[in-house]
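The block underneath contains the structure these notes are about, expressed in C-alpha cells.
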Amino acid sequence: MSGRIPPPRLPPLNALRAFDAVARCGSILKAADELGVVRGAIRQQLNLLEAHFGVPLFDRENGRLVLTAKGRAFADSVGVAFGILTRASAELSVGQRRSIRLGVPSAFAVWWLMPRLAALQAALQDIDIDIVPMATVEPLAKRADLEAVIMGGEYRPMRDITAIRFMEDEFGPVTTPDIADRLGLANGVSALAGAVGLASRSAPSLWEDWFAESGRAPIPFAVDREFEDLLLAIGAARSGLGVAIAPHTAIGEDIDRGALVAPFGFIRRPAGYSLSIRSGDVKDPALVRLADWLSETGAEPA
C-alpha cells in the first residue's frame, strides 16, 4: 500500500470562473453579465466553492458580497492563474503573434509612451503591444485581462506582484504666467489660498503628496475643481482656470514654451514610475524585453 499523500482535489473550473468574475467586478450582477449567465448560476457556483473549501470566501453585508481576508488572498491567486492560462493558450494558437496587454494611465500614455511607441515596437519586433488607457489606474491584481500595468506614485506593494521601477520624475504646481502674477505666487505658497485648485480622480493624492513631500503645510484653496483624468486637469490649467499639480514629464514642453510656469519648482517623486507584473511572470521573455526597454528609455535625458 503506497504511503503517498494524494494531491488536493481542485475545485470545479466553472466555480473558479464565477468567483474570479465576482471578485473583479464587485457584484454578482456584473459577473453574470460578463460570463453570460443568470445571477442564480453565479450564486450556485459561489456556494459550491465555499462548500468545497469549508470556509466563507465572502461576507454578506446588506445584500452585498465583500471578500473575506482569505477570499481576497485566494482571488489574487486565482487571477494570476487565469492570466497564466490565458497567455499559455494564446501561445499555442497556430500563427499567433505574442502580444502584451499593457495598462497605462491615459495621461502618461499621451505625454510619454505614445511619442515613443514606434521605437518600442521596433525594439520588441515580433511582440505586439496592446496599450489599454486607464483613466483611473487599477492595480494589476484587479485586472486579469492585463499582463502588466504602468503605475506612478500611486503604486503600493501587493502580494504576488513585482514592480520594476524604470523612471524617476518630479512634480509640482503649474499654472499660466497670468494666473501666477494675479495670485502673487512669487510671494510664496500661502498665495495658493486665493487659487482654484485643480485635481484629478485618476491621481487624487498628488496635492496631498506635494505638500507633505515639500515640507509645507497644506493650504486650502478658494475653490476646488476635480476632473476625471489628469489630462483634463492639466488642460484646465493651460486654459487659465487655476493651478494644477502635475508631473514634470507631462508639462515639460509647456514650461519650455512659457505657456505654463512652475512658481515653486518641482520636487522629486520618490516612487517614480514602475512596471507592475505578476511575480510568476518575472522570467517571461516578452515581459523582460518590455521591462528592459522601459528601463533603458526611462534613463535617457528628457
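Numbering (the working numbering) for the sequence shown: -7 to 294. Virtual Cβ for every residue (Gly too), placed ideally from N, Cα, C. All values reported here derive from a predicted model rather than from experimental measurement.
Less than 7 Å between the C-beta atoms of residue i and residue j, yes or no?
i	j	result
residue 131	residue 101	no
residue 226	residue 242	yes
residue 164	residue 257	yes
residue 266	residue 155	yes
residue 199	residue 237	yes
residue 43	residue 27	no
residue 76	residue 94	no
residue 150	residue 133	yes
residue 63	residue 50	yes
Applying the criterion that 16 or more other CB atoms from any shown protein chain within 10 Å of the CB defines a buried residue, is residue i buried or exposed?
i	result
residue 45	exposed
residue 378	Within the shown structure, residues of the chain are numbered from -7 to 294, placing residue 378 beyond reach of any answer.
residue 137	exposed
residue 135	buried
residue 113	exposed
residue 234	buried
Tell me the DSSP secondary structure of residue i in three-state form.
i	result
residue 89	coil
residue 119	strand
residue 170	helix
residue 291	coil
residue 219	strand
residue 205	helix
residue 295	Because the chain here runs from -7 to 294, residue 295 falls outside it and cannot be looked at.
What residues match up with residue i in a beta bridge as DSSP calls it?
i	result
residue 258	DSSP lists no partner for residue 258.
residue 269	140 and 154
Have a look at residue i and residue j and give me their C-alpha separation to the nearest angstrom.
i	j	result
residue 61	residue 254	44 Å
residue 21	residue 190	35 Å
residue 179	residue 213	16 Å
residue 143	residue 264	9 Å
residue 118	residue 81	18 Å
Is there a C-beta anywhere in chain B that falls below 7 Å from the one on residue i?
i	result
residue 28	The structure shown contains no chain B; it holds only a single protein chain.
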